[in-house]
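With the working numbering applied, the sequence shown covers 192 to 631.
Okay, so here's the structure we're looking at.
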Amino acid sequence: MVNKNKNIAEDMYRWATDIFPICRSLSGSGVRDTLNYIKKLLPDLVIHEVVSGSKAFDWVVPDEWEITDAYISDEAGTVLVDFKQNNLHVVGYSEPVDIWMEKEELDKHLHSIPEQPEAIPYVTTYYKRDWGFCLTHKQRKALTSGKYHVVIKSNLKSGVLNYGELILKGKEDKEVLLSTYICHPSMANNEVSGPVVTTALVQLLQSLEERRYTYRIVFVPETIGSIIYLSKHSKEMREKTIAGFVVTCVGDDNNYSFLPSRKGDSLSDRIAQHVLNVEKIKYTHYSFLDRGSDERQYCSPLIDLPICSIMRSKYGTYPEYHTSLDDLSFISSSGLMGAYQVISSCLKALESNYYYKVTLPCEPQLGKRGLYPMLSTRNSGNEVSTMMDFLAYADGNIDLIDIANTIGSSYSICAEIASNLEKHGLLEKHTRQLNYIFRK
192 MVNKNKNIAE DMYRWATDIF PICRSLSGSG VRDTLNYIKK LLPDLVIHEV
242 VSGSKAFDWV VPDEWEITDA YISDEAGTVL VDFKQNNLHV VGYSEPVDIW
292 MEKEELDKHL HSIPEQPEAI PYVTTYYKRD WGFCLTHKQR KALTSGKYHV
342 VIKSNLKSGV LNYGELILKG KEDKEVLLST YICHPSMANN EVSGPVVTTA
392 LVQLLQSLEE RRYTYRIVFV PETIGSIIYL SKHSKEMREK TIAGFVVTCV
442 GDDNNYSFLP SRKGDSLSDR IAQHVLNVEK IKYTHYSFLD RGSDERQYCS
492 PLIDLPICSI MRSKYGTYPE YHTSLDDLSF ISSSGLMGAY QVISSCLKAL
542 ESNYYYKVTL PCEPQLGKRG LYPMLSTRNS GNEVSTMMDF LAYADGNIDL
592 IDIANTIGSS YSICAEIASN LEKHGLLEKH TRQLNYIFRK
């Protein structure tokens, strides 16, 4: 599974640069602008809309939020905090306001981080009508007593919430889910890295001459978007989904992070850890108790999908998280490419993961089939040993990934061995566990 586009790393960073400035939230033009940008790259993407007030399980789709301008100015007319300079300056979903107020009263509506005096925090008030501004602590400390003109030109109205969906059909109806979110404003690792890496993965999957599995790809507002999607599709997803990944925080150059599914032993978990381990990638293994993204919905008890996450710096663990410091300088083309390669390796491993059953009792004679090397070397001995170890565990009840883990090999080597042995009639390939040992 190789992407023929040699410039994919540069492409992903360029896409990130393009969509970074968009002021996104749960709904509104920012989400639509982002989805329309992605649709230019993925023409088959279907953009759906859900009307405000619609119910989704225990949730209700919120009103649509639009904002055109916001600022705080002093009595001399000097603008001190300006939404047009950074869209994190306004608390997400803020109500419109145009008022003069004393500093003491204004301070109740301000948010900053004393420990990070140069960072603008990201704050929202999605489900409670309120308003506020976010600013650096340095800016906040510079505010003196006096009156300030506070303006937020926003609009909360009944509208729609949008999400994107793309289904790539495979030979099998069984599905692999890729889910990413499109609801945060200008943050690079926490927001735009997920959609751009997912877009590149979709292009890779589309380029394949043949796909074993069907791929369900969704671009949703976090939490409410996945809940809405599951409210519409959970029945078929529970029947069809065999693996999946939430793609988020995949753009920086730090070590990797792995967050398992709720049960921790799904096919997604096994493949993700196998790829990370055999490729000797440094990563932190988190617990499902450390969850924080849409795996909360996909893995919830009455949904129970086998979804995990492979990230670079996990959300909530790096100081730049949910601040203006998570900008385009925090991610890189190499960081994006690294995550892309790891997740694409997982997809390749999924595609090649079958159950294999030997066709003969006892060890087969390899020499008469040309499978035994003519010259004995250390490497040739290792190759034969790996082949024989694979055969020793090919009873139709253990999949390729578990055999690879058991014999200390990689999925790619084992897939090559299996293909070769199958051509020589020594293995039968099955899509599911046989639940019995071969006897004749």
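Even glycine gets a Cβ: it sits at the ideal position worked out from N, Cα and C.
Bear in mind the structure is a predicted one, so any value in this text is a computation, not a measurement.
Q | Under 8 Å between C-beta atoms of THR432 and ILE304 | A | Contact flag unset, no.
Q.
From the DSSP secondary-structure annotation, give me the bridge partner or partners of TRP256.
A. LEU347
Q: Look at ASN380 and PHE521 and say whether their C-beta atoms are less than 8 Å apart.
A: Cβ distance < 8 Å, so ASN380 and PHE521 count as in contact.
Q: Counting only the same chain and skipping the five closest in sequence on each side, list residues whose C-beta sits under 6 Å from that of ILE419.
A: If you ignore the 5 residues before and after ILE419, its C-beta comes within less than 6 Å of the C-beta of VAL241, ALA247, all in its own chain and listed in chain order.
Q. By Cβ distance, which residues of its chain are closer than 8 Å to THR568, with the 5 residues on each side in sequence left out?
A. Residue placement at THR568 cannot be trusted, given a pLDDT of 48 that sits under 50; the coordinates are not used to answer.
Q | Euclidean distance between Cα positions of THR550 and VAL469 | A | 29 Å
Q | With 16 other Cβ atoms within 10 Å as the buried cut-off, status of PRO555 | A | buried
(Q) Here's the rule I'm using: 16 or more other beta-carbon atoms within 10 Å means buried, otherwise exposed. How should ARG331 be labelled? (A) It is buried - the Cβ of ARG331 has at least 16 other Cβ atoms within 10 Å.
Q: Alpha carbon to alpha carbon, how far is LEU297 from THR208? Give it in angstroms, no decimals.
A: 34 Å
Q.
Helix, strand or coil, according to DSSP, for THR208 in the structure here?
A. helix
Q | Contiguous alpha helix (DSSP H) assignments of at least 4 residues, all confined to the region 244 to 300 | A | 294 to 297
Q: For GLU613, collect the residues of the same chain with a Cβ closer than 7 Å to its Cβ; drop the 5 residues on either side in sequence, then sort them by chain order.
A: LYS620
Q. What's the call for TRP206, buried or exposed, on a 16-neighbour Cβ count within 10 Å?
A. buried
Q: Quickly, what does DSSP pair ARG407 with across the bridge? List them, please.
A: ILE358, LEU368
Q: Ignore the nearest five residues each way along the sequence and tell me which others in THR259's own chain have a CB closer than 6 Å to its CB.
A: LYS344
Q: For ALA434, name the three-state secondary structure that DSSP assigns.
A: In the structure shown, ALA434 falls within a strand segment according to DSSP collapsed to helix, strand and coil.
Q | Selection from VAL341, SER504, GLY483, GLY435 that minimises the alpha carbon distance to GLU293 | A | VAL341
Q: In the DSSP assignment, find the unbroken alpha helix (DSSP H) run with LYS620 in it and report its ends.
A: Looking at the DSSP string, LYS620 is not in any alpha helix (DSSP H); the run it does join, the beta strand (DSSP E), is 618 to 621.
Q: Within 10 angstroms of the Cβ of TYR204, are there 16 or more other Cβ atoms? Answer buried if so, exposed if not.
A: buried
Q) LEU450 bridges to which residues according to DSSP? A) SER500
Q: Quick one: measure Cβ to Cβ for LEU326 and TRP256, integer angstroms, because I've assumed they're closer than 8 Å.
A: Not quite, the Cβ-Cβ distance comes to about 20 Å (not below 8 Å), so this is no contact.
Q: Along the alpha helix (DSSP H) that carries THR597, what are the first and last residues, could you check?
A: 591 to 598
Q) Are LYS142 and ARG320 closer than 8 Å when you measure CB to CB? A) Because the chain spans 192 through 631 in this model, residue 142 falls outside it and cannot be assessed.
Q.
For a test of the three-state rule: what should DSSP assign to GLY587, helix, strand or coil?
A. strand
Q.
Could you pull the DSSP bridge partners for ILE238 from this structure?
A. Secondary-structure assignment with DSSP links ILE238 through a beta bridge to GLY355.
**Q.** Burial state of ASP289, where buried means 16 or more other Cβ atoms lie within 10 Å
**A.** exposed
(Q) Classify SER218: buried if its beta carbon has 16 or more other beta carbons within 10 angstroms, exposed otherwise. (A) By the 10 Å Cβ count, SER218 comes out buried.
(Q) Could you give the first and the last residue of the continuous beta strand (DSSP E) run that contains LYS548? (A) 546 to 549
(Q) By the DSSP assignment, the beta strand (DSSP E) with HIS476 in it spans what residues? (A) 474 to 476
**Q.** Helix, strand or coil at TYR339 according to DSSP, with G and I counted as helix
**A.** strand
Q | Exposed unless 16 or more other CB atoms sit within 10 angstroms - verdict on GLU486 | A | buried
**Q.** Nearest-angstrom Cα separation, counted from TRP250 out to ASN278
**A.** 27 Å
Q: Kindly list the residues whose CB is nearer than 7 Å to the CB of LYS632, restricted to its own chain and excluding five residues on each side of it in sequence; keep chain order.
A: The question about residue 632 has no answer, for the chain in this structure spans 192 to 631.
Q: Assuming SER459 contacts ILE498 (C-beta within less than 8 Å), just tell me the rounded distance between them.
A: 6 Å
Q) Would you report the Cα separation of MET428 and LEU369, rounded to the nearest angstrom? A) 12 Å
**Q.** Expected contact under 8 Å - CB spacing of PRO412 and TYR354 to nearest Å
**A.** Indeed they touch by this definition, with Cβ atoms about 7 Å apart.
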